[in-house]
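Residue numbers (my numbering): 4 to 192.
What follows is the structure, encoded as structure tokens:
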């Protein structure tokens, strides 16, 4: 019996009061949970300490970790429970990657591996649709779709198709959940 395996993206924020050794222990513990349940980790990115867009649990700074892994769907509740129980984790977000997210991930990793591979992927992408994947981690791009008060601009103002507007709104909501973007303009200065 084969298990249905999917690609997932996990981003979590650790409290900034941890030492570098304690931070490394939490990252290793999360990685062990994934691997012990039959998952395989593709990439771990430690973004490091960053200022949060708004206070989370009365904390203004956090340590961001982003990782990509493949595993069965039964793995997700285990990870969510472990992250919820851990007091050092402020927020977390697990996304099941769709085809465009997986293609974006492979293009990005191919760019790190070699320029020739990246050019080959770019040529195949230009032959297809020119659709750009809207990444919730690209806050500079997302800020173009938010007004001065922090509200999302309507579709008629942006002059974009409804499908793209929904993708933009979804990305902004994810960025706000992870405290990458504020909910209102003057949230934290």
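For glycine and all other residues, C-beta sits at the position ideal for the given N, C-alpha and C.
- Annotation: the stretch 29-109 contains the following complete segments of the beta strand (DSSP E) (minimum length 3 residues), in chain order: 43-59, 62-75 and 92-99.
- By the CB criterion at 7 Å, residue 51 and residue 19 fall outside the cutoff.
- Contact between the stretch 156-163 and the stretch 72-85 is absent, with fewer than three C-beta pairs closer than 8 Å.
- With respect to the 7 Å criterion, residue 59 and residue 15 are not classified as neighbours on the basis of their beta carbons.
- When 22, 111 and 56 are compared, the shortest CA-CA separation from residue 45 is found for 111.
- With 16 or more other CB atoms across the displayed protein chains lying within 10 angstroms of its CB, residue 179 is buried.
- The beta carbons of residue 183 and residue 94 sit no closer together than 7 Å.
- Residue 140 and residue 153 have their C-alpha atoms some 17 Å from each other.
- About 5 Å separates the beta carbons of residue 170 and residue 137, which is inside the 8 Å limit, making them a contact pair.
- For residue 144, the enclosing alpha helix (DSSP H) starts and ends at 142-145.
- For residue 161, the enclosing alpha helix (DSSP H) has its first and last residue at 158-161.
- The beta carbon of residue 81 sits closer than 8 Å to the beta carbons of 36 and 40 from its chain, once the five residues preceding and following it are set aside; these are given in chain order.
- Under the three-state reduction of DSSP, residue 166 is assigned to helix.
- The Cβ neighbour count for residue 76, taken over all protein chains shown within 10 Å, is under 16; the residue is labelled exposed.
- Shown here, residue 12 sits in a strand according to DSSP, grouped into three states.
- Of the residues assessed, residue 147 falls on the exposed side of the cut-off, its CB having fewer than 16 other CB atoms within 10 angstroms.
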